[in-house]
Structure formats: C-alpha cells, structure tokens
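*Asks:* Numbering (numbering that gives the first Met the number 0), first residue to last: 0 to 139.
We put the beta carbon where it would ideally sit given N, CA and C, even for glycine.
Everything numeric in this text was worked out from a predicted model, so none of it was measured.
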Amino acid sequence: MNNKGPDRPGGAWWAVVLDRPEVSTRPPASRAELNAAEAKVDTALPLALRDLYLQTDGVWDRAGQWYVIWPLEHLLARNGGTAAERTGVAFGDDGTGNAFCIHTDGSVSYWSEIDAKHTCLAPDLESFWTAWVHDDLPPH
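What follows is the structure, given as structure tokens:
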C-alpha cells in the first residue's frame, strides 16, 4: 500500500502511524464507508478520526496481537450505546479491552471498565498516537 502522497489527508504525523515496523495497517476506508458508519452510530466522527480512517482501516500491533485502532466494523460493534462509549467514540483499545475514546473536542481518553471512568490521555489524536508509539502515554 502506498502510504504517502499529496492525496493523503492529515498532517506529517501520519508517517508516525504508517511507517512503524511494529504495526500493520489495513487499506483505507472510503468516504462512503465512513458516512455509513456515522449513520449507524448516530454520531459524526471527529475530523481527525475520519482522516485516520481515510489513511487506514485499523492499526494492528504485531507484538501484542491486537488492534490499537479498530477497523470500522469493530468501531461499529463497540459503540452500541453504553454510557461510557457514548461520551466519546471508542476507536481502539489498550490490548485488555479497555477503550480509547475520542471526544467532540478532539481529546483522547482511556475508558476503564473497572473504574467506570475516563482518563484523559492526550489533547488530540496526533498527540495520542505519538505518545503511544513512544510508549509515553500517561498512566491509565
């Protein structure tokens, strides 16, 4: 898959997502697939998350064997209406099933199933991903 070029939305941080040897990416989602996903979850996806899905429909952590960023089909399955997930859009997880959520202001949080609360991880998706790649996320 060609991950570079002028038709790729987002900023320079996409290289951090797509050019990491420890992850595998999937082919990008289409705009039609994103529109259909938004209709199914009855929520507009934040622009940064839409841009991410236009880059790749999921990011697989090879070492941990899980999707850090879920394919759209997983996003749809996991955003069925629980109180936690409806305060933001769950889009991936930490490998234990606790979700990463993006909120309307663009911030990213961690939803703890045990504590039933969100912990802010980053002010935006770019900062979240950069911290994840460098193993520098706040404790969660």
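In terms of alpha-carbon separation, which member of A43, K39, L48 lies closest to P27?
*Replies:* Position 28 of the sequence shown, counting from 1, holds the residue named residue 27. The option with the nearest alpha carbon to P27 is L48.
*Asks:* Would you kindly work out how many angstroms separate the C-alpha atoms of D60 and E21, rounded to a whole number?
*Replies:* Within the sequence shown, numbered from 1, the residue matching residue 60 stands at position 61. Within the sequence shown, numbered from 1, the residue matching residue 21 stands at position 22. Roughly 6 Å separates the two Cα atoms.
*Asks:* Identify whether T42 lies in helix, strand or coil by the three-state DSSP scheme.
*Replies:* Looking up residue 42 in the sequence shown gives position 43. Looking at T42 - three-state DSSP - the assignment turns out to be coil, as it is neither helix nor strand.
*Asks:* Which residue comes first and which comes last in the beta strand (DSSP E) that contains A89?
*Replies:* Sequence index remark: in the sequence shown, residue 89 carries index 90 (1-based). Per DSSP, A89 is one residue of the beta strand (DSSP E) stretching across 88–92.
*Asks:* Just to confirm, is the Cβ distance from K39 to L71 under 7 Å?
*Replies:* In the sequence shown, residue 39 corresponds to position 40, counting from 1. In the sequence shown, residue 71 corresponds to position 72, counting from 1. No, Cβ-Cβ distance for K39 and L71 is not below 7 Å.
*Asks:* Just to confirm my understanding: we take G91, look at its own chain, exclude 5 residues before and 5 after, and list those with CB closer than 8 Å. What are they?
*Replies:* Numbered from 1 along the sequence shown, position 92 holds the residue referred to as residue 91. So the list reads V58, Y66, V67, I68, W69, A98, F99, once near-sequence residues are dropped.
*Asks:* Strictly by DSSP, which residues pair up with I101?
*Replies:* On the sequence shown, position 102 is the one that residue 101 refers to. I101 is bridged to V88, V107.
*Asks:* Straight-line CA distance for S108 to A36?
*Replies:* Position 109 of the sequence shown, counting from 1, holds the residue named residue 108. Position 37 of the sequence shown, counting from 1, holds the residue named residue 36. Distance between the alpha carbons of S108 and A36 is about 21 Å.
*Asks:* Using the C-alpha atoms, what's the distance from A31 back to D142?
*Replies:* The structure shown has nothing for residue 142, since the chain only spans 0 to 139.
*Asks:* Would you identify the three-state DSSP class for T95, choosing helix, strand or coil?
*Replies:* If you number the sequence shown from 1, residue 95 lands on position 96. Note: T95 maps to coil in three-state DSSP.
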